[in-house]
Amino acid sequence: MRYKKIYLPLMACAMAACSKSDKEKANDTDPASLNSVSVVVEGEVTQSINQRGKDVSVGLLKFTKTSVEGFGVGGTVLNSAGKPVLSTSTGLMALQLNTGVEQSGVGGSVTVEDNAGKKDFSGMLYYLYYDTDPGQKNSKSYITLNTVQDTANLLKLSGEFHYNAAYAPTPESQDCVLDGVKNSGRIPAYNPDICGAKKVKVTGHFTIYLDKIIQQK
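Just remember that my numbering sits 3 ahead of the position in the sequence shown, which is counted from 1.
Here it is as structure tokens:
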């Protein structure tokens, strides 16, 4: 049976907030301007991202006193023409506001664009080509919060993340499909060598500030 590949990009529904410092008030400052993220991509693609302010991608659907729902963070590298050449995202997850606890969510993603075209790496494809765990443990995103701190009108969140992602050319070759059918039920479903799949490992850390005016009870 052939598996359908699904790519789940980060849908940033609202920009989170940030502050000038832990002691300063943010009444006259755009909080999002001082968010920061650092990302290292290794494997088929080797590159780093260091972004601040509005170049930090933050997804946020709901913010309460105990959790952030639909949370995701990432960064983008632009070329001289202002077009993205590398983008990363942890994917969206429900994040409890507890420190020192590793929390998991849907798979992350990496998008690479160059003269050869566009390649989308995702956790879902990692599961189909590389993950030997039936529960997709190696295909999910993981975030650990190191700091959850009230700062005036803001909530400061600092943490680290890691995830795996994979790419495979489409449409699949006949050999790739036949091997998958022949080995139906195998985990992973496809042979990466036969199918031409590639993988990356992503690690990083971030600091963002959420404006408590949007906090729900």
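Note that CB positions come from ideal geometry on N, CA and C, so glycine has one too.
Check                                                                              : Outcome
Inter-residue spacing [alpha-carbon to alpha-carbon] between V61 and S92           : 9 Å
C-alpha gap between V104 and V180, whole angstroms                                 : 40 Å
Spatially closest choice to K220 from T49, D33, F66, by CA coordinates             : F66
V80 burial status per 10 Å Cβ neighbour count (16 or more: buried)                 : buried
Supposed close pair Y212, T154 - CB separation, criterion 8 Å                      : 7 Å
Beta-carbon proximity list for G207, same chain, < 6 Å, skipping 5 on both sides   : S41, V42, F164
Nearest-angstrom beta carbon gap, A168 and S112 [assumed within contact, 8 Å]      : 6 Å
Simplified DSSP assignment, three categories, for A200                             : coil
According to DSSP, residues forming a beta bridge with D153                        : L158
Test item: CB-CB of Y132 and Y166 under 8 Å                                        : no
Residue span of the alpha helix (DSSP H) that contains V59, given as start and end : Where V59 is concerned, there is no enclosing alpha helix (DSSP H), although the beta strand (DSSP E) it sits in stretches over 59-62.
Inter-residue spacing [alpha-carbon to alpha-carbon] between N3 and D214           : With the chain covering 4 to 220 only, the question about residue 3 has no answer from this structure.
Range of the contiguous alpha helix (DSSP H) that encloses Q54                     : It is not in any alpha helix (DSSP H) - Q54 instead sits in the beta strand (DSSP E) that spans 50-55.
Rounded Cβ spacing between E47 and P87 (contact assumed at less than 8 Å)          : Rounded, the Cβ-Cβ distance is 18 Å, inconsistent with contact.
C-beta atoms of L95 and G75 nearer than 8 Å                                        : yes
Between the CA atoms of Q152 and L160 - distance to the nearest angstrom           : 7 Å
C-alpha distance - G188 paired with S176, whole-angstrom precision                 : 19 Å
Residue range of the beta strand (DSSP E) that includes Q219                       : No beta strand (DSSP E) holds Q219; DSSP gives it neither H nor E.
G183, DSSP secondary structure in three states                                     : helix
Span separating the alpha-carbon of S51 from that of K68                           : 33 Å
Burial state of Q218, where buried means 16 or more other Cβ atoms lie within 10 Å : exposed
Beta-bridge pairing of E116 - partner residues as DSSP gives them                  : K121
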